[in-house]
Amino acid sequence: MNDDHAQPAPAGPPPGHDLDQAREDLELLLAEVLLTVFEEEADVLPEAWPLDAADAGDHAVALLAVHDDASGADLGVQVRVSAALGRLLAGRMFACDEPTGEDLLDAVGELGNIVGGNVKSLLFTHPGHARLSLPSAVLGGPEASTLPGAAAPITIRALVLGEPAELTLLPDVDAGALFWPPTVRPEVLEAQP
Amino acid sequence: MKIVVADDSRAMRMIVVRTLRQAGFGGHEVLEAENGREALELVAQHAPDLILSDWNMPEMTGIQFLVALRASGNSTPFCFVTSEGSDEMREQAAAAGALGLIAKPFTSDAFCDILSPVVTS
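So this is what it looks like as structure tokens:
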């Protein structure tokens, strides 16, 4: 990503390197977001939950990344829900019975944004040196979307309304394909007439 | 009252408007913008009484929007509705002149708590 406006940063806790230690917090984070968004309790599933069950059929995926100015690394944030859960989410968000594909992508993107923002607040506690990308959402099978370059991802899986939802954090991804908000610092704007 | 809601997600704009209603703040005229730049233009055209804005948006972020607004001498009450609610961002928001920051996911209670002083029921 473009680091033109990055400021020198002190060494902070390297995000993505202690993800396993944060597993419990991440489980809680996912469960709380799902509870608030769907108004239904979500069951966080054990790590051994069979992948095949989650990977069957189409899914909607939201991709984001958190850029850490201190390390220069990007932590990928992938939120994947079944297409059925995505439609349900879109129906609730847009208050309609038959959401369009565009509605679904917008809704899943926003779910990813909420999760991503909370992940950033949880893991990037050093002030001022991490930025969250804008969400990018796609619909497709599990192969349809991921970020390249991830090493040792951690995945939290949950069931809500009987449908799978999962959060995967992908350390050290190449997030160049994502969209980023402008990085002009507020003080730059303030200095303008 | 006129309320500007700025968020790049159409779904979130709808949710914010719905939550305003649930919080007892329905019946106001709502103007929507997809980013800070659009919102800044809406403010200039319509002189709203309240602004609710996301932080992370394309073109112009929420904090850039707020800083530009205050730099122009506009003191319209401004509240962030954003997925990031770190202490640092809350401090930055307050320093720039925001009324508060409502973190997503939110409930109507959060809207009541922060907006009651400036929004009529």
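Heads up: the sequence lines are chains A and B, in that order. What the first sequence shows, in our numbering, is residues 2 to 194, in sequence order. What the second sequence shows, in our numbering, is residues 173 to 293, in sequence order. Here a beta-carbon is modelled for each residue, glycine too, at the ideal position from N, C-alpha and C. All figures in this text were calculated on a predicted structure; none of them were measured in a lab.
Environment of residue i [buried if 16+ CB atoms lie within 10 Å]
i, result
"residue 292 of chain B", "exposed"
"residue 43 of chain A", "buried"
"residue 77 of chain A", "buried"
"residue 252 of chain B", "buried"
"residue 211 of chain B", "buried"
"residue 247 of chain B", "exposed"
"residue 104 of chain A", "buried"
"residue 47 of chain A", "exposed"
"residue 173 of chain B", "exposed"
"residue 75 of chain A", "buried"
"residue 279 of chain B", "exposed"
"residue 5 of chain A", "With a pLDDT of only 43 at residue 5 of chain A, under the threshold of 50, the placement of this residue in the model should not be trusted; the figure read from the coordinates follows. Under this definition residue 5 of chain A is an exposed residue."
"residue 226 of chain B", "buried"
"residue 258 of chain B", "buried"
"residue 152 of chain A", "exposed"
"residue 289 of chain B", "exposed"
"residue 213 of chain B", "exposed"
Neighbour list for residue i in chain A, Cβ cutoff strictly below 8 Å
i, result
"residue 180 of chain B", "135"
"residue 191 of chain B", "Within 8 Å Cβ-Cβ: nothing; residue 191 of chain B doesn't reach chain A, min ~11 Å."
Below-9 Å beta-carbon distance, residue i vs any chain A residue
i, result
"residue 225 of chain B", "no"
"residue 187 of chain B", "yes"
"residue 231 of chain B", "yes"
"residue 236 of chain B", "yes"
Chain A residues whose Cβ lies nearer than 7 Å to that of residue i
i, result
"residue 228 of chain B", "133, 135 and 182"
"residue 276 of chain B", "115 and 118"
"residue 254 of chain B", "118"
"residue 194 of chain B", "Here the premise fails: no neighbours, minimum Cβ distance about 12 Å."
Closer than 9 Å at the beta carbon, the chain A residues around residue i
i, result
"residue 257 of chain B", "118, 119 and 122"
Within chain B, partners of residue i - CB distance below 7 Å
i, result
"residue 28 of chain A", "Residues of chain B passing the Cβ test: none, with the nearest at roughly 16 Å."
"residue 108 of chain A", "183"
"residue 111 of chain A", "181, 183 and 184"
Residues of its chain near residue i, where Cβ-Cβ distance is below 6 Å and the 5 sequence neighbours each way are ignored
i, result
"residue 276 of chain B", "255"
"residue 54 of chain A", "Confidence in residue 54 of chain A is poor, its pLDDT being 49 and thus under 50, which makes the residue's placement unreliable; the coordinate value appears in the next sentence. For residue 54 of chain A, where only same-chain residues beyond five positions count, there are no Cβ hits under 6 Å."
"residue 20 of chain A", "155 and 170"
"residue 1 of chain A", "The structure shown does not extend to residue 1 of chain A, since chain A spans only 2 to 194, so no value can be given for it."
Cut-off 7 Å between Cβ atoms - residues of its own chain near residue i, not counting five sequence neighbours on either side
i, result
"residue 133 of chain A", "65, 67, 117, 118 and 121"
"residue 138 of chain A", "61, 62, 63, 106, 109, 110 and 113"
"residue 91 of chain A", "100, 104, 105 and 108"
"residue 193 of chain A", "Bear in mind that a pLDDT of 46 at residue 193 of chain A, under 50, signals an unreliable position, so the number given afterwards is only what the model happens to contain. So no residue of the chain qualifies."
"residue 150 of chain A", "173, 174 and 175"
Within-9 Å CB hit, residue i to chain B
i, result
"residue 54 of chain A", "The pLDDT assigned to residue 54 of chain A is 49, lower than 50, so where the model puts this residue is not dependable, and the model offers no usable value."
"residue 91 of chain A", "yes"
"residue 104 of chain A", "yes"
"residue 96 of chain A", "yes"
"residue 156 of chain A", "no"
"residue 169 of chain A", "no"
"residue 126 of chain A", "yes"
Residues that residue i contacts on chain B, provided the C-beta gap is smaller than 8 Å
i, result
"residue 38 of chain A", "277"
Closer than 9 Å at the beta carbon, the chain B residues around residue i
i, result
"residue 34 of chain A", "276 and 277"
Nonlocal neighbours in the same chain, by C-beta distance under 8 Å from residue i, ignoring five residues either side
i, result
"residue 270 of chain B", "238, 250, 251 and 252"
"residue 133 of chain B", "Since the first and last residues shown for chain B are 173 and 293, residue 133 of chain B lies out of range."
"residue 123 of chain A", "23, 26, 27 and 30"
"residue 34 of chain A", "112, 115, 116 and 119"
"residue 188 of chain B", "177, 179, 224 and 253"
"residue 190 of chain B", "none"
Near the ligand ATP: residue i beta-carbon under 8 Å from a heavy atom
i, result
"residue 70 of chain A", "For the ligand ATP, the structure offers nothing, since it holds no ligand at all."
Please determine if the stretch 164 to 183 of chain A and the stretch 214 to 226 of chain B are in contact, where contact requires at least 3 C-beta pairs separated by less than 8 Å.
In short, these stretches do not touch, since the Cβ pair count stays below three.
Pairing CB atoms from the stretch 72 to 88 of chain A with CB atoms from the stretch 99 to 111 of chain A, are three or more of them under 8 Å?
yes
Using 8 Å as the threshold, is the stretch 174 to 183 of chain B in touch with the stretch 191 to 209 of chain B, meaning 3 or more CB pairs across them?
Using a Cβ-Cβ distance cut-off of 8 Å, the stretch 174 to 183 of chain B and the stretch 191 to 209 of chain B are in contact, since at least three pairs of beta carbons, one from each stretch, lie closer than that value.
Quick one: any contact between the stretch 181 to 197 of chain B and the stretch 231 to 245 of chain B, if contact means 3 or more CB pairs under 8 Å?
no
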